[in-house]
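Chains as they are written, first to last, in the working numbering: chain A, 81 to 323; chain B, 81 to 323. Below is one structure; the comments refer to it alone.
Number of protein chains: 2
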Amino acid sequence: MTNVFKPIRPKKISEEIVTQIKVLISEGQLKPGERVPSERELAALLGVSRPSVREAIMVLEAMGLVESRQGGGTFVRSLTESTLADPLTSLVEKNPRMLHHLAEVRMGLETWSAYLAAQRATDEEIETLRKLVAEMERQAEDGGWDAEIDTRFHYAITTATHNTIQLHVLNTIQGLFHTTIMVALTEFYQKEGYIKMLLEHHRTIMERIAARDPDGARQAMAEHLELVRDKMQQLESDNQLLS
Amino acid sequence: MTNVFKPIRPKKISEEIVTQIKVLISEGQLKPGERVPSERELAALLGVSRPSVREAIMVLEAMGLVESRQGGGTFVRSLTESTLADPLTSLVEKNPRMLHHLAEVRMGLETWSAYLAAQRATDEEIETLRKLVAEMERQAEDGGWDAEIDTRFHYAITTATHNTIQLHVLNTIQGLFHTTIMVALTEFYQKEGYIKMLLEHHRTIMERIAARDPDGARQAMAEHLELVRDKMQQLESDNQLLS
DNA sequence: GCTAAAAACTGGTCATACCAATATTCCAGG
DNA sequence: CCTGGAATATTGGTATGACCAGTTTTTAGC
């Protein structure tokens, strides 16, 4: 008996205006680069006050749909990249210190995944992990490191928890991580010759899971991610030197 | 050689307010669920007019960082609410078996919180935990168990991690948990006389954190949540008999 | 002590005025 | 006729102030 009733909330009239203008833009009646009627004009047309129109336009501007210039007017932007990022992303991108927090949360989730996976992984799933490690070894011999394989390895572990929600949550965090720093991190690995160590880490994690040793798997995962965290911090301070 | 010159734009003061509040949220000075000062108050604090504050809040609301209710106030949302809670809610509602998964994810997050809190909790935060346990003891003497105090205890631990993202993620999961099963679980406790055991659990967790013993704190939290998980499973099978 | 009325916030809307930046118009000088 | 620049109109940005409509808190009465 949860949430049977919808949360009745009086819709603000500024929201109504927002949806109307969004429709106009998506229908092409307001084309990119075109001028939106002035705030006073809109207020008159819609029969509302200017502040209401103004709030609507602020929201549209925050969504990246329009752009206002004082004295100039309000213009429709190309909606090629008008996707409003989710709250977490917008904060992490702006504040590098958040990356450290993010890495830490990921650490908690992944160690937990390793722990659960060691309890429940099927033989088939363990075999998948084994193959991924073998693939890593093959690439490592050439001095290469494929972030794609790395990601698939961690994903496979969480799959082996047989917990849909864990998979979903970790996937969300992992996605953020990937879009923000993964690339730089991979380059860093290759340059600094950490590949052997990384390979060893992954092999140990795989073996602890295969041995059905939850605590060992968690420990191995923790050590691996501690390295990642430290290197990331190093990357951060390097970047600060540039700016 | 494009865009050598930056587009000179006079920064709107509402944008300035937006960034200020974003910083407060990302630094954890404004925690999820907390009230942000009223519009009039903010206007006075910042020395600007209310419309400016209002526009800033509209933008923040559009970004999903805060939520305003007329007459109520403006509240900080969990950053992961839109990305995690909504999809997960639909999952859990369709498949009650998911509750078990949800409890397990919470277990992973909370054990991690306990681990981190034992490393970083300030003396003041430890004192808060101690007071909460004392309050539990007082109520337990009358054979009562207050879910509110329980929740605040766990919340305080995650606050002591000093990790904003961990706080937001756990808050989202916790919220899901609360709306689905928390009430039934509390009744269950009271009937079955588990209160003494619960009290002991919480005291141990608090003591391990106070002793700066990360592994011990994690272990204590794990044992506590294992009990919760088992009792929940018991509840589920009972409910199945009814349906 | 508990309940219900009332008072005090708080966000939502509106009206108005003025400022600052930009567009537009228009006129004088080439 | 064109051209440059000043005067003018338009537009978004900010500030006051007022009132309404829900919430929350306090208070008064039973």
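Note that CB positions come from ideal geometry on N, CA and C, so glycine has one too.
### Task
Give the interface partners of E246(A) over in chain B, defined as CB-CB distance under 9 Å, in chain order.
The sequence given here has Gln at residue 246(A), not Glu. Neighbours of Q246(A) on chain B, chain order: H181, E184, V185 and G188.
### Message
Suppose contacts are defined by Cβ-Cβ distances below 7 Å. Is E114(A) in contact with R134(A) by that definition?
### Response
Going by C-beta atoms, E114(A) is not nearer than 7 Å to R134(A).
#### Entry: Closer than 8 Å at the beta carbon, the chain B residues around T252(A)
Going along chain B in sequence order, the residues near T252(A) (Cβ under 8 Å) are T160, T163 and L164.
### Minimum length 4: unbroken alpha helix (DSSP H) runs contained in the stretch 154 to 225 of chain A
Secondary structure within the stretch 154 to 225 of chain A: the alpha helix (DSSP H) runs of 4 or more consecutive residues, fully enclosed, are 167 to 174, 176 to 200 and 203 to 221 (chain order).
### Task
Mind listing the chain B neighbours of E174(A)? Cutoff is C-beta to C-beta under 9 Å, in chain order.
Correcting the residue type first, residue 174(A) is Lys in the shown sequence and not Glu. Simply T99, K102, V103 and S106.
### Neighbourhood of L247(B) by C-beta, 6 Å cutoff - its chain only, sequence neighbours within 5 removed
Excluding residues within five positions, the ones whose Cβ falls inside 6 Å are T238.
### Task
Answer with buried or exposed for V263(A), where buried requires no fewer than 16 other C-beta atoms within 10 angstroms of its C-beta.
Label assigned to V263(A): exposed.
### Query
Are the C-beta of M178(A) and some C-beta of chain B separated by less than 7 Å?
For M178(A), the answer is yes, since a Cβ of chain B falls inside 7 Å of its Cβ.
#### Entry: S148(B) - DSSP class collapsed to helix/strand/coil
Here S148(B) carries a strand assignment [DSSP, helix/strand/coil].
#### Entry: Selection of the stretch 106 to 121 of chain A by Cβ proximity to chain B, strictly under 9 Å
For the stretch 106 to 121 of chain A, the set of residues with a beta-carbon nearer than 9 Å to any beta-carbon of chain B is empty.
### Task
Could you tell me the distance, in whole angstroms, from the CA atom of L104(B) to the CA atom of L182(A)?
Approximately 17 Å, taken between the alpha carbons.
### Message
Suppose you measure from the CA of R288(A) to the CA of E96(A); what does that come to, to the nearest Å?
### Response
So the two alpha carbons sit approximately 56 Å from each other.
### Task
Give me whichever residues DSSP pairs with R115(B) in a beta bridge.
In the DSSP output, where bridge partners are listed per residue, R115(B) has F155(B).
#### Entry: Selected residue, minimal CA-CA separation from T241(B), among T259(B), I229(B) and R292(B)
Closest in alpha carbon position to T241(B), among T259(B), I229(B) and R292(B), is R292(B).
#### Entry: Listed by chain order, chain B residues near A142(A) by CB distance under 7 Å
The CB of A142(A) comes closer than 7 Å to the CB of V139, A142 and M143 in chain B, given here in chain order.
### Query
Taking the continuous alpha helix (DSSP H) assigned at H242(A), which residues delimit it?
In the DSSP assignment, H242(A) falls outside any alpha helix (DSSP H), carrying neither H nor E.
### Task
Using the Cα positions of A227(B) and V128(A), report the straight-line distance between them to the nearest angstrom.
The alpha-carbon atoms of A227(B) and V128(A) are separated by roughly 47 Å.
### Message
Excluding the 5 residues flanking L322(A) on each side, which residues of the same chain have their C-beta closer than 6 Å to its C-beta?
### Response
Caution applies to L322(A), whose pLDDT of 45 falls short of 50 and renders its modelled position unreliable; the value that the coordinates give is listed next. Excluding positions up to five away in sequence, the list is empty.
### Task
May I have the straight-line CA-CA distance separating M312(A) from T202(B), to the nearest angstrom?
So the two alpha carbons sit approximately 26 Å from each other.
### Query
Which chain B residues are close to P325(A), counting only those with a beta carbon under 7 Å from its beta carbon?
The structure shown has nothing for residue 325(A), since chain A only spans 81 to 323.
### Query
For T208(B), which of I253(B), P176(B), M286(B) and R177(B) has the nearest alpha-carbon?
Nearest of I253(B), P176(B), M286(B) and R177(B) to T208(B), Cα basis: M286(B).
### Query
Quick one: what does DSSP say V292(B) is sitting in, helix, strand or coil?
Val is not the amino acid found at residue 292(B); the sequence shown has Arg there. In this structure, DSSP gives R292(B) a state outside helix and strand, which the three-state scheme calls coil.
#### Entry: Cβ separation of T191(A) and A290(A), assumed to be a contact under 8 Å, to the nearest whole Å
With a Cβ gap of about 17 Å, T191(A) and A290(A) do not count as contacting.
### Message
Spatial neighbours of E147(B) within its chain, please: C-beta separation below 6 Å, excluding the five flanking residues on both sides.
### Response
The residues are F155 and R157.
### Query
Alpha carbon to alpha carbon, how far is M216(A) from Y235(A)?
Going by the C-alpha atoms only, they are around 15 Å apart.
### Message
Does chain B have any CB closer than 7 Å to the CB of W61(A)?
### Response
The structure shown does not extend to residue 61(A), since chain A is modelled only from 81 through 323, so no value can be given for it.
### Query
List, in order along the chain, the chain B residues whose C-beta lies closer than 8 Å to that of E303(A)?
What E303(A) touches in chain B: nothing, since even the nearest Cβ is about 14 Å away.
### Rounded C-alpha distance that separates I93(A) from S132(A)
Roughly 7 Å between the two C-alpha positions.
### Query
Helix, strand or coil: which one does DSSP assign to N83(A)?
At N83(A) the pLDDT is 40, less than 50, meaning the model places this residue with poor confidence; the figure from the coordinates comes in the next sentence. DSSP, reduced to helix, strand and coil, places N83(A) outside both helices and strands of the structure shown, so it counts as coil.
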